[in-house]
Amino acid sequence: MIITEKRSRKQIFNSLKGNKTVFLIGCAQCATVCKTGGEDQVDEMESDLRKEGLKITGKAILDPACHLVKVKQLFHKNKETFKQTDAVLVLACGDGAQVIKDGTKAERVLPALETLFLGEVERAGHFTQKCILCGDCIIDRTGTICSLTVCSKGLLNGPCGGSKNEKCEVDKEKDCGWILIYKSLKESGDLDNMRKIYKPLDYSKQLKPQKIIL
Ligand code: SF4
Ligand code: SF4
Numbered sequence: 775m776i777i778t779e780k781r782s783r784k785q786i787f788n789s790l791k792g793n794k795t796v797f798l799i800g801c802a803q804c805a806t807v808c809k810t811g812g813e814d815q816v817d818e819m820e821s822d823l824r825k826e827g828l829k830i831t832g833k834a835i836l837d838p839a840c841h842l843v844k845v846k847q848l849f850h851k852n853k854e855t856f857k858q859t860d861a862v863l864v865l866a867c868g869d870g871a872q873v874i875k876d877g878t879k880a881e882r883v884l885p886a887l888e889t890l891f892l893g894e895v896e897r898a899g900h901f902t903q904k905c906i907l908c909g910d911c912i913i914d915r916t917g918t919i920c921s922l923t924v925c926s927k928g929l930l931n932g933p934c935g936g937s938k939n940e941k942c943e944v945d946k947e948k949d950c951g952w953i954l955i956y957k958s959l960k961e962s963g964d965l966d967n968m969r970k971i972y973k974p975l976d977y978s979k980q981l982k983p984q985k986i987i988l
């Protein structure tokens with residue numbers, strides 16, 4: 775899931791300076807789980823913007839906001855409204871905001887959230903990064919734990935040697951990622967993997983922008 779957090783109201787109001795009318799769009803998926811762009815947060819934003827003297831021309835929760843076809847459907851249903859809208863404020867991830875720009879052709883589409891990482895929902899309000907989307911997955915060799923994400927230095931070949939009492943030398947509150955990998959490999963009887971040196975990842979897979987056509 776894409777983890778997001780709310781931008782400060784001050785930052786949002788500043789980005790909206792000079793605009794009088796705003797259309798709000800949230801996301802029924804990731805941003806709803808993060809409580810950053812679901813129905814309640816869109817309603818709160820509407821009320822706060824009204825207090826700032828802005829007129830809300832409309833609001834919608836897309837399922838999801840990053841789906842171009844759904845954005846285009848919303849646009850076609852609200853063509854006249856969008857003509858009377860100075861800015862679209864998006865309570866979804868940066869991907870969603872850009873898809874909304876593509877699908878609505880609105881001149882000004884602004885993010886209301888910070889997009890942080892791809893992560894696990896441990897429980898309500900607790901999220902942990904699990905993957906940095908490298909495109910050349912190694913977790914078959916590292917006990918199904920991503921060293922690029924769990925190790926503070928993102929080491930492909932670890933540990934670095936600085937760990938003390940199983941904690942990371944960069945952040946002493948954090949378990950050393952490579953010790954977690956060691957334990958996982960030991961449990962599955964794959965400790966031999968710790969002795970292998972892995973070649974650099976194929977970073978050509980990270981050339982941007984990536985595109986897949988199935
Ligand atoms: S190695 Fe890590 S960053 Fe790369 S795809 Fe696998 S989980 Fe994601
Ligand atoms: S102590 Fe462990 S987690 Fe921290 S940087 Fe070194 S190998 Fe990575």
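Following my numbering, the numbering of the sequence shown begins with 775 at its first residue and continues without gaps.
Yeah, the Cβ is synthetic: ideal placement off N, Cα and C, and Gly gets one too.
Would you call residue i buried or exposed, if buried means 16 or more other Cβ atoms sit within 10 Å of its Cβ?
| i | result |
| --- | --- |
| Phe901 | buried |
| Gly993 | Any question about residue 993 goes unanswered here, given that the chain covers just 775 to 988. |
| Tyr972 | exposed |
| Gly812 | buried |
| Lys948 | exposed |
| Cys867 | buried |
| Ile799 | buried |
| Tyr977 | exposed |
| Pro983 | exposed |
Compute the minimum distance between the beta carbon of residue i and the heavy atoms of ligand 2, and state whether it is under 7 Å.
| i | result |
| --- | --- |
| Cys950 | yes |
| Glu826 | no |
| Cys911 | no |
| Gly899 | no |
| Glu881 | no |
| Glu818 | no |
| Ser958 | no |
| Glu854 | no |
By the DSSP assignment, the beta strand (DSSP E) with residue i in it spans what residues?
| i | result |
| --- | --- |
| Glu1004 | Only positions 775 to 988 of the chain appear in this structure, which leaves residue 1004 out of reach. |
| Ile776 | Ile776 to Lys780 |
What are the start and end residues of the alpha helix (DSSP H) that includes residue i?
| i | result |
| --- | --- |
| Ala871 | Gly868 to Thr878 |
| Ala839 | Ala839 -> no alpha helix (DSSP H), and no H or E assigned at all. |
| Glu947 | No alpha helix (DSSP H) contains Glu947, which DSSP labels as neither H nor E. |
| Ile913 | Looking at the DSSP string, Ile913 is not in any alpha helix (DSSP H), and its letter there is neither H nor E. |
| Gln785 | Arg783 to Ser789 |
| Asp976 | Element bounds for Asp976: n/a, residue is neither H nor E. |
| Ser821 | Glu813 to Lys825 |
| Ser921 | Ser921 to Val924 |
| Ala805 | Cys804 to Val807 |
Among all the DSSP beta bridges, which residues are the ones paired with residue i?
| i | result |
| --- | --- |
| Phe901 | Val895 |
| Phe797 | Gly832 and Val862 |
| Lys938 | Lys941 |
| Leu965 | BP columns for Leu965 are empty, so no partner. |
| Val883 | Val862 |
With a threshold of 7 Å on Cβ separation, who are the neighbours of residue i within its own chain once the five nearest residues in sequence on each side are excluded?
| i | result |
| --- | --- |
| Phe787 | Glu826 |
| Leu823 | Val796 and Ile830 |
| Cys905 | Leu892, Cys920 and Thr923 |
Can you list, in chain order, the residues of its chain whose CB lies under 6 Å from that of residue i, leaving out five sequence neighbours each side?
| i | result |
| --- | --- |
| Gly909 | Lys979 and Gln980 |
Spatial neighbours of residue i within its chain, please: CB distance less than 8 Å, with the 5 preceding and 5 following residues excluded, ordered by chain position.
| i | result |
| --- | --- |
| Leu930 | Ile912, Ser921, Leu922, Tyr972, Pro974 and Leu975 |
Answer yes or no: the CB of residue i versus the heavy atoms of ligand 1, is any distance below 7 Å?
| i | result |
| --- | --- |
| Cys804 | no |
| Cys925 | no |
| Ile971 | no |
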